[in-house]
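Residue numbers (our numbering): 7 to 405. Ideal Cβ placement from N, Cα and C applies to all residues, glycine included. Remarks on the structure that follows.
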Ligand SMILES: *Cc1c(COP(=O)(O)O)cnc(C)c1O
């Protein structure tokens, strides 16, 4: 009996990719081994986070880094760092922000469910700009001058949600923000692959950048990365770490936390509930090194043939299928199955989830009548059962 069956839970076939709802990406054996091995001994968490800072800094081209409990908590901690800086009184006060600036500017078109994590630190989001393309009311999107025009005495920072076509351009926004002494916090949770983005996004000068640890990096689903300017990472670390020590004895690694910057030691901060274990840190760092070192490339090369196998097996019905191939060899190829209309697509998606084994396909394009098959969480042994279920529902018309 498998581990899940022993708890009365039946595993599914995840053809959706690394979504959190379905347990994230598969962890490589080396990552699991790092988790197991690091559980055998004790280490102070701040030593482990200081080591993590060095590894993350190296691979992101930043001054410092922190392992967080997901990119979402990196957003909360990054926002808390920008709000509080070195001010222990502010750290103690958060998420209450009376007496100091707490507004972050954000492009209206970049608002999304994850910005709750930024607001959780005490930030009030102030929206600027429009996406007139989406509104079908014009040709322009949010522009940098709109951010600049909105800066006022309560402005504390800027939130930017990065995607390949996000506007305005991050470089341009960062230049403007720095002219006004404002920090930019970037949500880049799902912006890798490509690997180059680990460095390229910070290279824009952005002050803090977040990545998910449990998506393409394939670390524990519960991990994330915050990287950027040393003093902001220090503030985020102080608000994350357990602080129960005597001021006379507390000795955090000096290269990482500069005690001279702070007059005492803060109590538990707003991030204390987002704790990260030493095992999670060891596992995430191992995954990051594998990812950066190209250890997943041979696996990535299998994605396209696997999708082609699924596509071939669907030939013969009245289905139109199409594979969106990776242009750079790093992005995930995706198989698209066109069912024609929204109602049919929702029905098929429901049948696939209800079947045995349950199959979860990508559901972001259902309104366009499309199912998506994403390869990240599909192993070889999933392909045949996946094909059988797809054929039963889509070709044989199981109802
Ligand atoms: C996935 C995602 C997050 C959250 O990442 P976690 O590591 O699951 O906390 C935040 N923002 C965006 C844009 C994401 O895609």
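Output yes or no for whether 7 Å exceeds the beta carbon distance between residue i and residue j.
i, j, result
"residue 341", "residue 382", "no"
"residue 129", "residue 153", "no"
"residue 289", "residue 225", "yes"
"residue 406", "residue 258", "Residue numbering for the chain in the displayed model covers 7 to 405; residue 406 lies beyond these limits and cannot be assessed."
"residue 73", "residue 229", "yes"
"residue 232", "residue 243", "no"
"residue 7", "residue 275", "no"
"residue 63", "residue 195", "no"
"residue 49", "residue 333", "no"
"residue 70", "residue 273", "no"
"residue 268", "residue 189", "no"
"residue 30", "residue 227", "yes"
"residue 393", "residue 316", "yes"
"residue 68", "residue 208", "yes"
"residue 75", "residue 306", "no"
So residue i and residue j are in contact, right, with Cβ under 8 Å, and what is the actual spacing, rounded?
i, j, result
"residue 143", "residue 85", "Going by Cβ atoms, the distance from residue 143 to residue 85 rounds to 32 Å, so no, they are not a contact pair."
"residue 150", "residue 136", "Actually they are not in contact, since the Cβ atoms of residue 150 and residue 136 sit about 14 Å apart, beyond 8 Å."
"residue 298", "residue 201", "6 Å"
"residue 26", "residue 366", "Contact doesn't hold; Cβ gap of about 13 Å is too wide."
"residue 204", "residue 66", "5 Å"
"residue 238", "residue 213", "6 Å"
"residue 193", "residue 216", "6 Å"
"residue 220", "residue 24", "7 Å"
"residue 165", "residue 191", "5 Å"
"residue 118", "residue 167", "6 Å"
"residue 331", "residue 308", "Not confirmed; about 14 Å, so no contact."
"residue 90", "residue 245", "7 Å"
Who are the near neighbours of residue i in its chain, counting only those whose CB is closer than 7 Å to its CB and skipping five residues on each side?
i, result
"residue 354", "345, 377, 399, 400"
"residue 256", "271"
"residue 10", "16, 17"
"residue 199", "222, 336, 337"
"residue 44", "284, 285, 288"
"residue 357", "399, 404"
"residue 101", "126, 127, 128, 276"
"residue 304", "none"
"residue 249", "271, 272, 273, 274"
Counting only the same chain and skipping the five closest in sequence on each side, list residues whose C-beta sits under 6 Å from that of residue i.
i, result
"residue 293", "37, 223, 224, 225"
"residue 211", "180"
"residue 361", "395"
"residue 79", "280"
"residue 373", "348"
"residue 262", "56, 59"
"residue 173", "147, 148"
"residue 99", "none"
Using a beta-carbon distance below 7 Å, is residue i in contact with chain D?
i, result
"residue 370", "Among the chains in the structure shown there is no chain D, since it carries only a single protein chain."
Excluding the 5 residues preceding and the 5 following residue i in the sequence, name in chain order all residues of the same chain whose CB lies nearer than 8 Å to its CB.
i, result
"residue 156", "111, 132, 134"
"residue 325", "343, 344, 345, 400, 401"
"residue 28", "18, 20, 22, 366, 383"
"residue 251", "271"
"residue 34", "224, 293, 296, 301, 302"
"residue 368", "21, 22, 23, 340, 377, 378, 379, 380"
"residue 169", "197"
"residue 319", "393, 396, 397"
*Counting only runs of 4+ residues fully inside the segment 35–108, write out the alpha helix (DSSP H) ranges in chain order.*
Listed in chain order, they are 35–44, 51–66, 76–90, 94–99.
Please give the ranges of any alpha helix (DSSP H) in the segment 311–398, keeping only runs that are unbroken, at least 4 residues long and fully inside the region. Fully contained in the segment 311–398 are the following alpha helix (DSSP H) runs of length 4 or more, in chain order: 348–360, 386–396.
Exercise. May I have all residues whose beta carbon comes closer than 7 Å to any heavy atom of ligand 1, sorted in chain order?
Key: Environment of ligand 1, chain-ordered: 26, 76, 77, 78, 79, 81, 118, 120, 167, 193, 195, 196, 218, 219, 220, 221, 230, taking every residue with Cβ within less than 7 Å of a heavy atom.
- Task: Counting only runs of 3+ residues fully inside the segment 225–262, write out the beta strand (DSSP E) ranges in chain order.
- Result: Within the segment 225–262, the complete beta strand (DSSP E) runs of at least 3 residues are 230–234.
message: Runs of 4 residues minimum, wholly inside the segment 183–233: which ones carry the alpha helix (DSSP H) assignment?
response: For the segment 183–233, whole alpha helix (DSSP H) runs of length 4 or above, ordered along the chain, are 203–206.
Check: For the segment 140–168, which segments carrying the alpha helix (DSSP H) assignment without a break, of at least 4 residues, lie completely within its bounds, in sequence order?
Finding: If you keep only unbroken alpha helix (DSSP H) runs of at least 4 residues inside the segment 140–168, you get 150–156.
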